[in-house]
Amino acid sequence: MPIQLIYELAVPPTRLREVHELFVTDYLPAARERGMAFAGAYITPPIELDDAPTTLVLLFTLPDADAVWAMKRRVTDSKEVADFWHRIDAIVVSRQRRFLAPYDEAPNGAA
Amino acid sequence: MYRRIALLHVDPRASADDLAAFERELRSVIDRVPGITHAHLGRHFTNTVGGGDYTWDLAFADREQCPMWLDQLRIAGHADLFEHVVTRTDAVQFAATNVHIADATITDFVERTLFIEVDRMTPPDKAREFDRVLTGMPRYIHAIRNWAYHRVDDEFTIGPRPWTHVWEQEFQELSGLRVDYMVSPYHWGYVDPWFDPESPHRVVAPGVAHVYCPAATTILGW
Numbered sequence: 108m109p110i111q112l113i114y115e116l117a118v119p120p121t122r123l124r125e126v127h128e129l130f131v132t133d134y135l136p137a138a139r140e141r142g143m144a145f146a147g148a149y150i151t152p153p154i155e156l157d158d159a160p161t162t163l164v165l166l167f168t169l170p171d172a173d174a175v176w177a178m179k180r181r182v183t184d185s186k187e188v189a190d191f192w193h194r195i196d197a198i199v200v201s202r203q204r205r206f207l208a209p210y211d212e213a214p215n216g217a218a
Numbered sequence: 613m614y615r616r617i618a619l620l621h622v623d624p625r626a627s628a629d630d631l632a633a634f635e636r637e638l639r640s641v642i643d644r645v646p647g648i649t650h651a652h653l654g655r656h657f658t659n660t661v662g663g664g665d666y667t668w669d670l671a672f673a674d675r676e677q678c679p680m681w682l683d684q685l686r687i688a689g690h691a692d693l694f695e696h697v698v699t700r701t702d703a704v705q706f707a708a709t710n711v712h713i714a715d716a717t718i719t720d721f722v723e724r725t726l727f728i729e730v731d732r733m734t735p736p737d738k739a740r741e742f743d744r745v746l747t748g749m750p751r752y753i754h755a756i757r758n759w760a761y762h763r764v765d766d767e768f769t770i771g772p773r774p775w776t777h778v779w780e781q782e783f784q785e786l787s788g789l790r791v792d793y794m795v796s797p798y799h800w801g802y803v804d805p806w807f808d809p810e811s812p813h814r815v816v817a818p819g820v821a822h823v824y825c826p827a828a829t830t831i832l833g834w
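For the protein sequence lines, the chains are A and B, in the order given.
So the mapping is simple: the numbering used here equals the position in the first sequence, first residue as 1, plus 107.
So the mapping is simple: the numbering used here equals the position in the second sequence, first residue as 1, plus 612.
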């Protein structure tokens, strides 16, 4: 079952380019090495705001649950990853991280 | 019922004979320490993490019957043995109040124990939400036959980590833990973010003790 991993970063006005560049230089290369296939960066609303946060959405895909655990194991003790998120958290208003499964392939709920 | 769980790291230089004697000694604890109603010593399967080599489960009628850890070792005559064989002990104790038994007659199964440390600064409502999410797992992962989840009594914890909670499950087969438990989206997509250093929802401190061992009859159903 293919899995999507989505980051949503609520970035305050004037900081969007800075956050995106941090992501591209300090996160993305190692993320790819952890098996995370980058599927694009988007913003919502679809224009950068000057008086309210703009949400930067970062999309990744992973082939299955084994790949998810392999990715997680490689960041458990990573000082670089922890430092990256500390720097991001110092800028953003809030952030979310969500896993998505395809509707047609996801298991049923509790029996 | 009041319970104590000790995760024991043994000296890697201990011989097979040393360990056989160690196991005999610890398994006789129920005859040596008044107040112990049940006891089980399980040697961990390979690939456990952070909890050493053995899980020692002990039960007492109530908290008043449970001696202090060092008193228990002294009463049982285990103090010297621990001095020479055990290199680290992580022991917690708690009143057993949150136990769910679907299969009281389970035999020859896998007992899994997880010690975690929830950040003590976690807001109460967020901590309750973590408890709810974690203990929802058995409704989605049917390989979990019996389970228990407890907040430990902080003042009696032994060892270098101030563990806060114990999450225990009984699986009929090892595959129930290694496959069913691990591939469930409820686990990796909904529970694990509370443990994941990349997740803004994280409440569990880095490093857990994740151990599992064979058992003949139910421990959680004592």
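Yeah, the Cβ is synthetic: ideal placement off N, Cα and C, and Gly gets one too.
A quick note: this is a predicted structure, and the numbers were derived from the prediction, not measured.
Starting from the beta carbon of residue i, find every residue of chain B whose beta carbon is closer than 8 Å, and list them in chain order.
i	result
V188 of chain A	P809 and E810
A148 of chain A	Correct list: empty, because the minimum Cβ distance to chain B is about 17 Å.
Look up residue i in the DSSP assignment and give the residues it is bridged to.
i	result
H650 of chain B	B:A671
R863 of chain B	Since the first residue shown for chain B is 613 and the last is 834, residue 863 of chain B is missing from the structure and cannot be characterised.
V816 of chain B	B:V730
W779 of chain B	B:L726 and B:Y761
R616 of chain B	B:L670 and B:Q705
F721 of chain B	B:A827
R161 of chain A	The amino acid occupying residue 161 of chain A in the given sequence is Thr; Arg does not appear at that position. Per DSSP, A:V118.
I770 of chain B	B:A703
L207 of chain A	A:Q111
Give the secondary structure of residue i by DSSP, where H, G and I count as helix, E and B as strand, and everything else as coil.
i	result
G147 of chain A	strand
W834 of chain B	coil
A172 of chain A	helix
A828 of chain B	strand
T658 of chain B	coil
V223 of chain A	Past the boundaries of the shown model lies residue 223 of chain A; chain A is included only from 108 to 218, so the question cannot be answered.
L116 of chain A	strand
L631 of chain B	helix
S201 of chain A	strand
V711 of chain B	strand
A821 of chain B	strand
F191 of chain A	helix
F167 of chain A	strand
I756 of chain B	strand
S787 of chain B	helix
D665 of chain B	coil
message: Under 8 Å: do the segment 759-772 of chain B and the segment 700-713 of chain B share three or more Cβ pairs, one atom per stretch?
response: Under the three-pair Cβ rule at 8 Å, the segment 759-772 of chain B counts as touching the segment 700-713 of chain B.
message: Using a Cβ distance threshold of 8 Å, determine whether the segment 182-193 of chain A contacts the segment 665-675 of chain B, with at least three qualifying pairs required.
response: The segment 182-193 of chain A makes no contact with the segment 665-675 of chain B; the number of CB pairs closer than 8 Å stays below 3.
- request: State whether the segment 678-685 of chain B contacts the segment 660-668 of chain B, with contact taken as three or more CB pairs (one from each stretch) at a distance under 8 Å.
  value: Short answer: they don't touch.
message: Please identify, using Cβ separations under 9 Å, the residues of the segment 792-806 of chain B that lie next to chain A, in order along the chain.
response: Per Cβ criterion, the list reads M794, V795, S796, P797, Y798, H799, W800, G801, Y802, D804 and P805.
field: Interface residues of the segment 202-214 of chain A facing chain B [CB-CB below 9 Å]
entry: Within the segment 202-214 of chain A, the qualifying residues are R202, Q203, R204, R205, F206, L207, A208, A213 and P214.
message: Under 7 Å, CB to CB, which of the residues in the segment 161-183 of chain A have a partner in chain B?
response: Listed by position, the residues of the segment 161-183 of chain A near chain B (Cβ gap below 7 Å) are A172, V175, W176, K179, V182 and T183.
- prompt: Are the segment 142-152 of chain A and the segment 625-642 of chain B in contact at 8 Å, needing three or more beta carbon pairs?
  reply: No, they do not touch.
- prompt: Using 8 Å as the Cβ pair cut-off and three pairs as the minimum, do the segment 127-142 of chain A and the segment 152-161 of chain A touch?
  reply: With the cut-off at 8 Å, the segment 127-142 of chain A and the segment 152-161 of chain A do not touch.
message: I want to know whether the segment 159-178 of chain A touches the segment 111-118 of chain A - three or more CB-CB distances under 8 Å.
response: The segment 159-178 of chain A is in contact with the segment 111-118 of chain A.
query: Counting pairs of beta carbons, one from the segment 734-741 of chain B and one from the segment 824-831 of chain B, are three or more of them closer than 8 Å?
result: No, they do not touch.
- request: Would you be able to state if there are at least three C-beta pairs under 8 Å between the segment 743-756 of chain B and the segment 774-790 of chain B?
  value: In short, these stretches touch, since the Cβ pair count reaches three.
query: Can at least three beta-carbon pairs, one atom from the segment 637-655 of chain B and one from the segment 806-822 of chain B, be found at a separation below 8 Å?
result: No contact exists between the segment 637-655 of chain B and the segment 806-822 of chain B.
- prompt: If we count Cβ pairs, one from each stretch, closer than 8 Å, do we get three or more for the segment 119-132 of chain A versus the segment 190-210 of chain A?
  reply: The segment 119-132 of chain A is in contact with the segment 190-210 of chain A.
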